[in-house]
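The structure appears below as structure tokens.
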Amino acid sequence: MAEKARPAIFAFTTAYFPFIGGAELAIQETARRLANEYRFFIITARLRRDLPRISARPEGTVIRVGFGFSGDKMLLPIFGTFKTLRLMRRVKPMCFWGVMVTYASIVPYLVNIIRLRERVPVLLTLQEGDSEEHIKSKWGGMIARSWRFALPRSDVLHVISTYLGGLARSHGWRGEAVVIPNGVDASAFGTKLPRDARIALRREFGFSADDGVVITTSRLVVKNGIDTLIRAIHHLNTRRIAHPVKLLIVGEGALRGELEALVRDLGEGSAVRFAGAVPFGEIPRYLGCADVFCRPSRSEGLGNVFLEAMAAGLPVVATAVGGIPDFLRDGENGLAARPDAPEDIAEKIEFLLDDEALRERIAAAGRKTAAGYGWEGIAEKFGRIFRNLAAQSGRVRVFIATPLVPPAVGGPATYVGRLAPELAAAGHPVTVLSYQAPRGARTKNFFLFAVSPRWPSGLKHIAYFLKSLRELARADVAIGLDPFIVGVPLAAAARLLRKPVALRVEGDFLWEQFVERNHADYTLTGFYDQIGVLALSLKERVVHGGMRWVSRSADRLVFSSAWRRAIVERAYGTNPAFARVIPPPLFAPGAGTGAESGAGERERVLLFAGRFVWVKNLRMLVRTFLRAAPPGWRLELIGEGPEKPVIEAYLVSLGAGKRVLIRPPLPSELLHERLGRVRGVFLPSLSDVSPNLILEAIAAGTPFLMTCENGFREMLGGIGLYADPLNESEIEEGIRHLADDATPALYRKELERLKPRSWEDVRKEWERVIAEVVP
Numbered sequence: 000m001a002e003k004a005r006p007a008i009f010a011f012t013t014a015y016f017p018f019i020g021g022a023e024l025a026i027q028e029t030a031r032r033l034a035n036e037y038r039f040f041i042i043t044a045r046l047r048r049d050l051p052r053i054s055a056r057p058e059g060t061v062i063r064v065g066f067g068f069s070g071d072k073m074l075l076p077i078f079g080t081f082k083t084l085r086l087m088r089r090v091k092p093m094c095f096w097g098v099m100v101t102y103a104s105i106v107p108y109l110v111n112i113i114r115l116r117e118r119v120p121v122l123l124t125l126q127e128g129d130s131e132e133h134i135k136s137k138w139g140g141m142i143a144r145s146w147r148f149a150l151p152r153s154d155v156l157h158v159i160s161t162y163l164g165g166l167a168r169s170h171g172w173r174g175e176a177v178v179i180p181n182g183v184d185a186s187a188f189g190t191k192l193p194r195d196a197r198i199a200l201r202r203e204f205g206f207s208a209d210d211g212v213v214i215t216t217s218r219l220v221v222k223n224g225i226d227t228l229i230r231a232i233h234h235l236n237t238r239r240i241a242h243p244v245k246l247l248i249v250g251e252g253a254l255r256g257e258l259e260a261l262v263r264d265l266g267e268g269s270a271v272r273f274a275g276a277v278p279f280g281e282i283p284r285y286l287g288c289a290d291v292f293c294r295p296s297r298s299e300g301l302g303n304v305f306l307e308a309m310a311a312g313l314p315v316v317a318t319a320v321g322g323i324p325d326f327l328r329d330g331e332n333g334l335a336a337r338p339d340a341p342e343d344i345a346e347k348i349e350f351l352l353d354d355e356a357l358r359e360r361i362a363a364a365g366r367k368t369a370a371g372y373g374w375e376g377i378a379e380k381f382g383r384i385f386r387n388l389a390a391q392s393g394r395v396r397v398f399i400a401t402p403l404v405p406p407a408v409g410g411p412a413t414y415v416g417r418l419a420p421e422l423a424a425a426g427h428p429v430t431v432l433s434y435q436a437p438r439g440a441r442t443k444n445f446f447l448f449a450v451s452p453r454w455p456s457g458l459k460h461i462a463y464f465l466k467s468l469r470e471l472a473r474a475d476v477a478i479g480l481d482p483f484i485v486g487v488p489l490a491a492a493a494r495l496l497r498k499p500v501a502l503r504v505e506g507d508f509l510w511e512q513f514v515e516r517n518h519a520d521y522t523l524t525g526f527y528d529q530i531g532v533l534a535l536s537l538k539e540r541v542v543h544g545g546m547r548w549v550s551r552s553a554d555r556l557v558f559s560s561a562w563r564r565a566i567v568e569r570a571y572g573t574n575p576a577f578a579r580v581i582p583p584p585l586f587a588p589g590a591g592t593g594a595e596s597g598a599g600e601r602e603r604v605l606l607f608a609g610r611f612v613w614v615k616n617l618r619m620l621v622r623t624f625l626r627a628a629p630p631g632w633r634l635e636l637i638g639e640g641p642e643k644p645v646i647e648a649y650l651v652s653l654g655a656g657k658r659v660l661i662r663p664p665l666p667s668e669l670l671h672e673r674l675g676r677v678r679g680v681f682l683p684s685l686s687d688v689s690p691n692l693i694l695e696a697i698a699a700g701t702p703f704l705m706t707c708e709n710g711f712r713e714m715l716g717g718i719g720l721y722a723d724p725l726n727e728s729e730i731e732e733g734i735r736h737l738a739d740d741a742t743p744a745l746y747r748k749e750l751e752r753l754k755p756r757s758w759e760d761v762r763k764e765w766e767r768v769i770a771e772v773v774p
């Protein structure tokens, strides 16, 4: 592929060649194998003055920033950001790749904050081997705060173990983590050391050919438990005086002085040797001189040293912490011991030293395990991530702002619960922001964030604005599912960022507020016909002004019906050219919901399900039912709300007895099932724009009576019964029709004319709207 035709990837790492650890090795080996497909630019700290600022390597271009001393890593967030911005003037990156949450990986997020309108997707790799407690408490919790800053701002999360995936979720990651372990170069580690070379290397450390030698290749830090290993060797040697076990420690670290003192205190100076830091390419030779590998880790991101030891043909003793259980099977390809338990570790080492058959069996299984961690396969998995990011760069990124998400009850919750996965399944990166994200809510291929509904009014709207600003910065377009509590903060964020907004206008917060406050029987059309003479409260006047501003600010207004569109255009003077109608999905009986549609015997029940609020016209519903329904019929009211105690008292005053039953809200599946068992659905609200209950009733094959103040009639034609919500005689006539034994058969005949619409149809119409507003 031509040089400029290959997409560019900017990788960020605190240290790089000649400083080689697991993270640096992963970048090197992956980039080398993908260099024909991508151009890699590796931004890192200089750390030494003899290292060039820019160097070309087989894997890509290494760019070192700083003055050439150890403090360069702390300067990376500043110098690395400026260097990256300068580099972006001539090279457009396909994505940023931050390796570990460090000084270097903060740079992509800072660049994206500065270039808010030209954000670059971020792949974040977690390789950290520290314990959860260390991450939470180190430096006053700064590491944990860094994770919480980086994770929500990342587009793809790669972890080297399932343990790190879980740790990421506990620190704010809401998506799926891609688990790709680090690899092992079997060709480098799998070559057996000749016997003469093995004996010679042993002699360098004062070990004989017949000694049982344990080796560890580890940084000398607390998490690696080298102190525990030294104590385990001492425990072994108190019983094996004639044939003491020898320990070779390969590696350097801050604890070396303490560990050397421990060796002296235990009298193991002749048994324990410190080899110090060894070039990575020499490690296979050192492993080749030992009989057993052991690192009794206290925490571990994955534990690549164990896989390297396995590839070298050594049986391993490990602790089942962090990511180690991803590859270690106790008694099969290694032995598991308890952390901080010298006696247990000593016992496992002794098993292997004293049982040659066990040693050979576990070593053979270990080689087989390590063979599955080849760099070729690892690089191919990374290639899939990069190819997906490249494909997504051509997809429109969608941010959906909604007041509610499932399993909450309400139109926006139901709508976003289906639209977001549909858009995501079509390849659009999708993020959802809500005022409520209940525990257990599932995300299907999209990110879900929330603002706590318990925050005071005003403060939570400011928080919603700030989160909208953050999420919209990484999106191409916003979809709002409420014109006020979502619409105002969303429109403000969109105006600042100059991003397009398509606002779905369904419910009407102003009308509901006025009706609830005054207990006034105004339909939606009647309210706006009279709004000029109505005594609105200060809050309602603010809402009215906010809805007018939002309606005129949106790039597109989306309605479920022409009826709703006409109300808004008349009330707020919006431009008809920017209005679009996207009707809701419409499922044929038995399709899409799992509810029964059969024509068999059903219970003589009329059912209402929804919020117990004034606009639902519940008093009218109850008294007309009691007057018009034949004997033996029952009314079920399913739901909750502020009107519930009032309705309960009203039922007592009317002597309703067992003819009217109030039930708590049902989960969606149970409500679908219940709809398939009753004779009719009753919804005489003052107005209802596009009630999901009626759509579910249609899918269940259940006849319905609803208010004539709705947007469904134009979509349904003559299907269903309608009544003026302020006309009791019309409602009573509708109830008698529902209760007529001939109605179910007539209704089924009507349903044959139904033209179903799927969520896929809805998604395609939204994509057409998005295409109109996204440049």
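For the sequence shown, position 678 matches number 677 in numbering that gives the first Met the number 0, and the numbering has no gaps at all.
Just so it is clear, CB atoms sit at the ideal spot from N, CA and C, and this is done for glycine as well.
Give the list of continuous alpha helix (DSSP H) stretches no shorter than 4 residues that lie fully inside the segment 603 to 657. 617 to 627 and 643 to 653
Between the alpha carbons of ILE214 and LEU247, how many angstroms are there, rounded? 5 Å
THR318 lies in the beta strand (DSSP E); which residues open and close that run? 315 to 318
Three-state secondary structure (DSSP) of MET93: strand
How would you write the range of the alpha helix (DSSP H) that VAL415 sits in, first residue to last? 410 to 424
So, helix, strand or coil for LYS191, using DSSP? coil
Flag this pair as yes or no: are the beta carbons of GLN67 and ARG85 separated by less than 8 Å? The identity of residue 67 in the sequence shown is Gly, whereas the question assumes Gln. No, Cβ-Cβ distance for GLY67 and ARG85 is not below 8 Å.
In this structure, what does DSSP give as the bridge partners for THR430? PHE398 and PHE446
Pair every Cβ in the segment 144 to 160 with every Cβ in the segment 278 to 292, then say whether three or more of these pairs are closer than 8 Å. no
Name the DSSP bridge partner or partners of VAL177? HIS157
Under three-state DSSP, which class holds GLU721? The question names Glu, but residue 721 is Tyr in the sequence shown. Strand.
Could you compute how far the alpha carbon of GLU127 sits from the alpha carbon of GLU639? 48 Å
Since GLU267 and HIS233 should fall inside the 8 Å C-beta cutoff, what is the C-beta to C-beta distance between them, to a whole number of angstroms? 5 Å
Can the beta-carbon of LEU585 be found closer than 8 Å to that of PRO755? yes
Since LEU523 contacts SER757 with CB under 8 Å, what's their CB separation in whole angstroms? Their Cβ separation, rounded to whole angstroms, is 28 Å, which puts LEU523 and SER757 out of contact at 8 Å.
ARG494, enclosing beta strand (DSSP E) - first and last residue: Note, ARG494: premise wrong, no beta strand (DSSP E); alpha helix (DSSP H) at 486 to 496.
Could you tell me which of THR216, ARG197 and LEU357 sits nearest to ALA208, measuring between CA atoms? ARG197
Burial state of ILE323, where buried means 16 or more other Cβ atoms lie within 10 Å: buried
Cβ-based neighbour list, TRP374, same chain, cut-off 8 Å, excluding 5 preceding and 5 following: GLU28, THR29, ARG32, GLY182, VAL183 and ASP184
Would you kindly work out how many angstroms separate the C-alpha atoms of ALA578 and VAL504, rounded to a whole number? 10 Å
If you draw a straight line from the alpha carbon of PHE624 to that of PHE611, how long is it in whole angstroms? 17 Å
Tell me the DSSP bridge mates of GLY479? ALA400 and LEU502
Same chain, Cβ closer than 6 Å to ARG255, neighbours up to 5 away in sequence not counted: LEU219
Among the candidates VAL429, ALA738 and LEU496, whose CA atom is the shortest distance from the CA of GLU117? LEU496
Can you give me the C-alpha to C-alpha distance between VAL61 and VAL100, rounded to a whole angstrom? 20 Å
Which class does SER54 belong to by DSSP, given the choice of helix, strand or coil? strand
One or two residues paired with GLY333 in a DSSP bridge: ASP329
Using a Cβ-Cβ cut-off of 6 Å (strictly less than) and excluding sequence neighbours within five positions of ARG767, which residues of its own chain qualify? none
Considering GLY545, what are the terminal residues of the alpha helix (DSSP H) in which it resides? 537 to 552
Can you tell me the Cβ-Cβ gap for GLY382 and GLU36, rounded? I've got them flagged as a contact below 8 Å. 7 Å
To which residues of the same chain is LEU665 closer than 8 Å at the C-beta, ignoring the five residues directly before and after it? ALA608, ILE637 and ARG673
Within 8 Å, strictly: CB atoms of TYR527 and ILE566: yes
For VAL119, the three-state DSSP class (helix, strand or coil): coil
Helix, strand or coil: how does DSSP classify GLY597 here? Residue confidence is low: GLY597 scores 46 on pLDDT, short of 50, so the model does not pin down where it sits. Its coordinate-derived value is still stated next. If DSSP states are grouped into helix, strand and coil, GLY597 belongs with coil.
Considering Cα atoms alone, identify which of LEU163, VAL621, VAL651 and SER536 is closest to GLU727. VAL621
With the cut-off set at 8 Å, would you say PRO283 and ALA187 are in Cβ contact? yes
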